[in-house]
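Protein chains in written order, with our numbering: chain A, 259 to 784; chain B, -16 to 277; chain C, 186 to 440; chain D, 6 to 344.
Just below is one structure, and these are the notes that go with it.
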Amino acid sequence: MKKRSAVWALLVAVCLLAAGTALAAGGTTTVDTTFSYASENTIVTEFDPAVSYSNEIIAMNNVYEQLTRYNSRTKKVMPLLATSWKSSAGGKKWTFQLRKGVVFHTGRPLTAQAARAAILRTKQLKSGAAYIWDAVKSIATPNAQTLVFTLKYPAPLDLIASSGYAAYIYDTKAAGSANLHVWFNKAHDAGTGPYVISSWNKGQENELRLTAFKNYWGGWKGTHYTDVLFKHVPTPTTRAQLVQSGGVTYTDRLSPQLFASMKGNSAVKTAEGTSFQNLIAFLNTASGPLKNTKVRQAVADAIDYKGIVAALKGSVVPASGFIPKGLIGYTPGLGYTKNLTRAKALLAQAGYGPGKQALSLDLTIANGDADEQLVATIVKADLAALNVNVQVQALEWTTQWNKAKSKDPAQRQDIFVMYWWPDYADPYSWFINLFHSANPPYFNLSYLNDKAVDTSIDKVEALTATRRSAAVADYNQLQHRLISQAVAVPLYVQKYERVFSRSVGGYVDNPAYPNVVFVYDLRPTS
Amino acid sequence: MSDLAATPARPRAVALRLGHDPLALAGAIVVAAVMIVALLAPAIAPFPQDAGAAVHPLDALLPPSHAHLFGTDEVGRDIFSRVVYGARTSLRISLEVLAIAALVGIPLGAIAGYAGGLIDDAIMRITDVFLAFPALLLALALAFVLGPSVGNAAIAISITWWPWYTRLIRAQASTVASSGYVASARALGVSHARILLRHVLPNSVAPALVQLSLDFGGVILTAAALSYLGLGAQDPTPEWGLMVSQGQSLFTTNWWAVTFPGAAILLTAVGFNLLGDGLRTILDPRQALRDRGT
Amino acid sequence: MIEARDLTVAFGGTVVARVPELEIRPGTIVGLAGESGSGKSMTALAVLGLTRHLGATLTGSVQLDGEELTGLSERRLRHIRGRRIALILQSPRAALNPTLRLSAFARRALVLHGVPRREADARLRSVADSVLLAPDVLERFPHQVSGGEAQRFAIALALALGAEYVLADEPTSALDVTVQAEVIALLRRVRDEHGVGMLLISHDLAVIDNLAEQTIVMRAGDVVESGDTKTVLGSPSDPYTQELLAAVPTIAEGP
Amino acid sequence: MTRFLVRRLAQTIVVVFGVLVVTFGVARIIPGDPAVAYAGPRATKVELARVTKEFGLDKPWPVQLRDYIWGVLHGDWGTSLYTRRPVLSDLGVALPASLELVISALLLAAAVGIPVGIAAARWRGRISDVVARLVAVVSVSMPVFWLALILQHVFFQKLGWLPVAGRYDANLDITHPLHVRTHSVLVDAAISGNWPVLRSALVHLVLPAAAVAAYPAGAIAQLTRATLLETVAEEHVRMARALGFAERTVFGRLALRPALNPVLALVALVFAYALVNTFLVEAIFNWPGLGMYATSAIQSLDTPAILGVTLVVALAYVLANLLVDIAQSIVDPRVRGVR
């Protein structure tokens, strides 16, 4: 070969040489104190702890803390920023004692006045999960360590205060005179948690990095992870290979097949568990062909629920009603089953079905979620058999949500598929958010406007604190009504399937905080 | 400059000479096989309904077996049947795209080459503009406007494909236009249109025929790429690119969901490219000259 | 002396050139006449062993001063090509590498045949002067020089390499008349002053008559007549040669 | 030379103007009121009116076209609905990553394609020619996304030689933080002499570059073989052989240089094709280039971002064409008159 191409060959050789040496260098592993979390979605859409209501929960719960924390295993509320609390006056007055020696990341000490200011600001902003504080009439701070809540109606405030959303305690004076919301969204934080935000670059693979907060009240004795890195890795196979090769410490949901293949792999540990997260298809009761109840019921009867659960290969369990097992109000035997003959009859009455007028529905799912794509494929096939053509559109979450909330009903989808999980371990969140009427729509994406349902929802939370059995009866009756009207269709309850590096010690999955890993509680081993 | 435009050789002679080049012969065989599979899809596919809307979730992801030659996909559909019907989708897209591209591109090229001057320049600049737009980005816009589908993907590809033919034909047409017999025809007062139709086009079309055969592979690859990105075929249409995209997350655990559709794309594209190369050496004497090295 | 015996060049089965006997002595010019496609060029390439590159098969013997060339290895043959036997082609500018300046191309050829770099430039310039080539012409690219200049450069290069024999394949056919005369004069000087033996291939009998002492006439690959130019062109015995002569509008008088 | 450059530049400007007009046209036909898309569905009437005026959406379209082109030339490519940042600054981050991938892919393709092309031409008709032609045809016919998955599966999953994805090792961010200047990791690491990051970046580049390089390598090999055979049949090669030059030199310097001219032209065509191929490869290797930016823009119906990507890819193609024309006149003096 000639001199020129010899030069080219040399160039390629250099590349390969670099490959070799890099691998050798990568070999030596000291105890890696960075916990890297590979997430399917982008991490942060909102930094303001009062408003945050999306995927950033997995980071926020390592930066901010609540008054209390719910332990899903023991089903009890544990102390966190509050060391003790008691309720009086029939559950309408709650007194919390704050932990001493706690400092915000801004340096200011945690006082009752600061906590009160945080909760009131969250309540006033009225977005995200702020509704959880609706029961609160007023908050008093007799001294720097004591918070006294007066409620409009009895409510389980200790449980509410443990919520994964809108219950963070933060320093409202963090931005001084500047606008706090804008200050937060410049990737700043004012929490009390074990980690501080150290860098954020949107759209990059290594999107968010947290680093240890030196004077965290829990202290840093023993071995802890000093850094937390959140990576956006959309492709499931890439995430699986990263966790297997030690490229990342932890990955969120993989496809059922990938998870099954990981179980036998010695390089990783796996953990499975039930969750409070279910996949629901909301049928548009306000506009479009599904406005007709018969058509909705036909759609609900046409779906092959058993087939969906089978195709997801053990990563999900069949749903029964809207409340997952493990929460009060769970009603066994309330699930749909495929009933083709009834579906055909109902469609015929509405003038659709095989041999009659074709029906076209559009169904939206979140892009990049393999399970939702699979469900859409099966639903589309099931309905195609009934001369119903389902147009599937996979969109970015915020776009899918904005489309559903658009002012012009014609723009809204017929079937909206999304996951739901409670803000705190209580069924109330499904009903107040998903089925209570609200204008303009927020999460009530069946656009249901049913007075009886609304009044029943309004009184059930208070009942939970006072007469629990009455609350359970209400939830039961509510679910029967919603299912018979085919307002929405619960498809399945997800099982959490965790895969993480063998070097992670002390991992406990807490379904009350979906996909959240409390990194401080873990012990890195070599 | 002697007139190098090849008069299209008789088909029998072409087939004869194809036989001599082993690679071209292999290409012809593969292409014939793909066409037969596409034509006789209903007969060949064991589960024709799996190419449509049928799903069998209980049989999801079975490995290749006697019953399912290529195994089943994540909703239990027989992959072999879908790959067979996929041949139909791919050939249909290629025919659609190349027909549009040839019908628009060739006449424009002939006019540009024949007219020369300002018209030529204008047409060529427009061609350059369209060449600057990759098919993918136009498919993106179309997917917005009309929603992603096989048809819209075909339109997007043809919008960015016709310029190649304009460029190809223009070069050929300008040589034909400058040759003696065109000048004499014009001297006899023959109208521009007749000259274009009777003289310029027939003598410029040969390279386009060669390019058409080569482009079949190219269009199939581009269409598969668009479907892979979700801008082309939508479920349940059996399209190879879409099948690779759907099976992608299963690659490490269930290899067959991705391997067979991808192999089908590769095999078909190789077939058309080999056949195209073979045709080129026969229809384009200059290339033949090059190959013989005299 | 170059001696070829029973030389045949064939592509696959078909023979394109068969020369029973060819002798080129130093200081003499052998003319090789015939219509295009009569195998004239193939004969020249056969002498240099270049038919192999075209995929042709060569039989018969070619001797240079008694040394058999057909059996030589490619490496040994390359020492002879250019250094002892040079080739001049029909379209002079096309025969020069388009991406190299004339001087650069010449320098590579001279260095290839062992001429030290410093001496190569000097030797080329002196020979260039002898063929009336201005130094600045040497610094140009082939497409920037005239046909005549390119042909003169080719001849200069042959001389610079010290070639004893030159195989000229239609050296003047692509040139217009005035330049043709210059090149013919130059070829005569190369024969007379440098004692170079030459094979002059042309379909133009006037050029052959002008320069060549001996002449061979070929038709469709076969030699139909050979001998002194005066007898072959003066009173041809073979009917084909007579036809050729009749076709030439004017016959230049002999030297 | 300058006359040729001026004419070529004029043509480029006309084409760029054409590209701008077409992009603007495409923007107009995309449904959905940009103001609503930007202001958000819950925006009040007043808010919508303000955004409409600010975006100038109420003016007649020729005026809007003029403003659009004026804006583009002054760096105002609109604001992305998804990242809420100016599209141009987003592209400033995404384009270097894609360019880094495309250019290294093209270099790899040339380093492999040209020698294969030479070998095929040199031993024409023999086994190595048939094999080379077959390998070239397979690489040209390879669906790049499928190849990427296979490369990742073989070289990472099975052999573990190369990293699975990303641009460089994440924990280097702590030990050897990279000073970002151009958003091209290779360039930034080289400038700041950050060898560990450079080495890791090179290693992470191998698989994605190989996937993108498949098509160009095959195309370059095929064309090199064809043009080389054509050049070798010309008179000047017969003369070179008659002067005693060895085949090695003939197929190298003497014939290759003139044969490279069409290969250079091919590089421009293949550049655009390769740039689009990175769209298919980036998601698989988690490479934050134009592809990832475009895919997220598609899913969030982010029109300004889509137009930004369309424009930058089109301009990159036009620029590549111009650069190739200039390179051609340097490589081959016959092309446009000598320097």
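Beta carbons: idealized from backbone N, C-alpha and C, even for Gly.
Please read all numbers here as calculations on a predicted model, not as lab measurements.
Considering residue i, what are the terminal residues of the beta strand (DSSP E) in which it resides?
i	result
tryptophan 391 of chain A	Taken as a continuous stretch (DSSP letters only), tryptophan 391 of chain A belongs to no beta strand (DSSP E), as it is neither H nor E.
aspartate 178 of chain D	Here aspartate 178 of chain D belongs to no beta strand (DSSP E); instead the alpha helix (DSSP H) covers 177 to 180.
asparagine 320 of chain A	It is not in any beta strand (DSSP E) - asparagine 320 of chain A instead sits in the alpha helix (DSSP H) that spans 315 to 321.
tryptophan 458 of chain A	453 to 458
phenylalanine 488 of chain A	485 to 490
lysine 527 of chain A	526 to 541
tyrosine 563 of chain A	Where tyrosine 563 of chain A is concerned, there is no enclosing beta strand (DSSP E), although the alpha helix (DSSP H) it sits in stretches over 563 to 569.
valine 751 of chain A	746 to 759
serine 294 of chain A	292 to 297
glutamine 69 of chain D	First-last for glutamine 69 of chain D: 66 to 78, but that is the alpha helix (DSSP H), not the beta strand (DSSP E).
Does chain C have any CB closer than 8 Å to the CB of residue i?
i	result
aspartate 134 of chain D	no
phenylalanine 250 of chain D	yes
Against chain B, does residue i count as a neighbour if the rule is that its beta carbon must be under 8 Å from one of theirs?
i	result
serine 1 of chain D	Because chain D spans 6 through 344 in this model, residue 1 of chain D falls outside it and cannot be assessed.
leucine 73 of chain D	Contrary to the premise, residue 73 of chain D reads as tyrosine rather than leucine in this sequence. For tyrosine 73 of chain D, the answer is no, since every Cβ of chain B falls outside 8 Å of its Cβ.
glycine 565 of chain A	yes
Please list the terminal residues of the continuous alpha helix (DSSP H) segment that includes residue i.
i	result
isoleucine 1 of chain D	Here chain D has residues from 6 to 344 only, and residue 1 of chain D is not among them.
leucine 230 of chain C	225 to 233
tyrosine 733 of chain A	726 to 742
proline 337 of chain A	Run containing proline 337 of chain A: none in the alpha helix (DSSP H); it sits in the beta strand (DSSP E), 334 to 337.
lysine 638 of chain A	628 to 642
lysine 663 of chain A	655 to 663
Excluding sequence positions up to five away, which residues of its chain have a Cβ less than 7 Å from the Cβ of residue i?
i	result
glycine 285 of chain A	Note that glycine 285 of chain A has pLDDT 41, beneath the 50 cutoff, so the model's placement of it is unreliable and the number below is only indicative. Excluding residues within five positions, none has a Cβ falling inside 7 Å.
glutamine 743 of chain A	Thr551
glycine 609 of chain A	Gln615
leucine 390 of chain C	Ala218, Leu418, Leu429, Leu430 and Val433
Using a beta-carbon distance below 8 Å, is residue i in contact with chain A?
i	result
phenylalanine 161 of chain D	yes
proline 309 of chain D	no
glutamine 69 of chain D	no
Would you please verify whether the beta carbon of residue i is less than 8 Å from any beta carbon of chain D?
i	result
alanine 277 of chain A	Residue placement at alanine 277 of chain A is flagged as unreliable, the pLDDT there being 47, under the threshold of 50; the coordinate-derived value follows with that caveat. So yes, alanine 277 of chain A belongs to the interface.
threonine 236 of chain C	no
phenylalanine 776 of chain A	no
isoleucine 265 of chain B	no
serine 503 of chain A	yes
arginine 308 of chain C	no
threonine 284 of chain C	yes
Report the option in the options whose CA atom is closest to the CA atom of residue i.
i	options	result
aspartate 260 of chain B	D/Tyr298, D/Ala224 and D/Ser301	D/Ala224
tryptophan 128 of chain D	C/Asp423, C/Gly198, C/Gly380 and C/Gly240	C/Gly240
valine 247 of chain C	C/Arg302, C/Arg190 and C/Ile270	C/Arg190
leucine 136 of chain C	C/His388, C/Ala370 and C/Arg404	The requested residue 136 of chain C does not occur in the structure, where chain C is confined to residues 186 to 440.
asparagine 459 of chain A	A/Leu541, A/His446 and A/Gly451	A/His446
glycine 92 of chain B	B/Tyr148, B/Arg263 and B/Leu250	B/Tyr148
leucine 5 of chain D	D/Phe276, D/Thr283, D/Met297 and D/Gly257	Within the shown structure, residues of chain D are numbered from 6 to 344, placing residue 5 of chain D beyond reach of any answer.
alanine 470 of chain A	A/His363, A/Leu356 and A/Asn437	A/His363
Kindly indicate if chain F contains any beta-carbon less than 8 Å away from that of residue i.
i	result
asparagine 625 of chain A	The structure shown contains no chain F; its protein chains are A, B, C and D.
Go through its chain and collect everything with a Cβ distance to residue i's Cβ below 6 Å, but skip five positions before and after it.
i	result
threonine 279 of chain A	Only weak support exists for where threonine 279 of chain A lies, its pLDDT of 45 falling under 50; the coordinates are left without a value.
Using a Cβ-Cβ cut-off of 8 Å (strictly less than) and excluding sequence neighbours within five positions of residue i, which residues of its own chain qualify?
i	result
aspartate 337 of chain D	Arg262, Pro263, Leu265 and Asn266
Query raised in the report: Hey, is the stretch 283 to 298 of chain C in contact with the stretch 361 to 368 of chain C, meaning 3+ C-beta pairs nearer than 8 Å?
Result: no
Query raised in the report: Do the stretch 34 to 50 of chain B and the stretch 188 to 202 of chain C make contact, defined as three or more Cβ pairs closer than 8 Å?
Result: no
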